[in-house]
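Asks:
In our numbering, the protein residues as written are 232 to 594.
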């Protein structure tokens, strides 16, 4: 196999599916599927790894094409127009109508992206209200989403290592713990709205914090999305800690990959697009990109494995004066969770959650 940034170990991802049980069907609760041709390749890859339904943050204009490419096995998440050049104008004049349009097209979830980086976007747009949990745009978005009976999804915080290296200015970005102050206020205000906290709540490094959060807010679910981050940090915990956490909260954890697709993944890089669109430059590389996330996450949760992740992890380069000669990936441990836990995390929990807002998933 030709090695690339999604396949440092030279895995044949088509053959590797035999390492996983065929007992499980998966709902991927967290994806970003765009580009009709890339979506077709993604869907074949996802089905190969047991995925039977996808929940996606797809650009509004692409909903019909993506629904067709995924054979109708998709539920959409309402998001702002990230392609808008004037984001302040968009949030002031278009955002709420866009949410309504998503809802009219079957969206059941509304996503609020509020990473510390959002402050940089607001600063560049000269509008500090943009993408802030306590800002007026998201406040109106939450009111609308709740009135429509939608599930909330939040991106809160970023990896610990980002706070050490990228968010050193705590006066501007706040500490990691401070990212959650506004979230807790929202969870108290909307205590009857089912809520998904992406990326293991934004703090996979701290299972005790997540345990306390889930205990305090009964409406909250965590998803496993952001494969590189989740694999790296969950693998650092002991087998006892991970198995106890997932067993205790087996009804409140959802499988998600955070896979991003783009038709630009299928062709040679033409020095355009954004970072995620440059992760692959051919159909073969795109297949590895998509398959690697499922391989890594299912290995983490399902297998007995002690080795390395096949995915290059740029977060490992923080603090280095020079890049290493060979790309780096973190240790990956497989925790072989009990079958009854995996069935819930992979499928049953998401099926029940979506059913609560009128989305019926067969299986």
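The C-beta atom is built at its ideal place from N, Cα and C for all residues, glycine as well.
So what does residue 284 bridge to, in DSSP terms?
Replies: According to DSSP, residue 284 shares a beta bridge with 258.
Asks: Which residues does DSSP pair with residue 465 in a beta bridge?
Replies: Note: residue 465 sits in no beta bridge, so no partner.
Asks: Helix, strand or coil: which one does DSSP assign to residue 373?
Replies: helix
Asks: With respect to the alpha helix (DSSP H) encompassing residue 247, which residues constitute its N-terminal and C-terminal limits?
Replies: Taken as a continuous stretch (DSSP letters only), residue 247 belongs to no alpha helix (DSSP H), as it is neither H nor E.
Asks: Check whether the Cβ atoms of residue 527 and residue 458 sit closer than 7 Å, and answer yes or no.
Replies: Cβ atoms of residue 527 and residue 458: closer than 7 Å.
Asks: Rounding to the nearest angstrom, what Cα-Cα distance links residue 429 and residue 358 in this structure?
Replies: 25 Å
Asks: By alpha-carbon positions, which one of 408, 552 and 417 ends up nearest to residue 366?
Replies: 417
Asks: On the CB-based measure, 16 or more other CB atoms within 10 Å of its CB, does residue 324 come out buried or exposed?
Replies: Classified as exposed, residue 324 has fewer than 16 neighbouring CB atoms from the shown chains inside 10 Å of its CB.
Asks: From 592, 369, 551 and 574, pick the residue whose C-alpha is nearest to that of residue 342; which is it?
Replies: 369
Asks: Let me know the secondary structure DSSP gives residue 452 once reduced to three states.
Replies: strand
Asks: Considering only residues of the stretch 377-429, which uninterrupted alpha helix (DSSP H) runs meet the minimum length of 4 residues and lie entirely inside it, listed in chain order?
Replies: 391-396, 401-404 and 410-420
Asks: At which residues does the alpha helix (DSSP H) containing residue 473 begin and terminate?
Replies: 470-479
Asks: In angstroms with no decimal places, state the Cα-to-Cα distance between residue 271 and residue 301.
Replies: 7 Å
Asks: Considering residue 519, what are the terminal residues of the alpha helix (DSSP H) in which it resides?
Replies: 514-533
Asks: Take residue 407 and list the residues in its own chain whose beta-carbon comes closer than 6 Å to its own, dropping the five residues that flank it on each side.
Replies: Cβ neighbours of residue 407 beyond the five flanking positions: 388 and 394.
Asks: How many angstroms separate the CA atom of residue 314 from the CA atom of residue 491?
Replies: 15 Å
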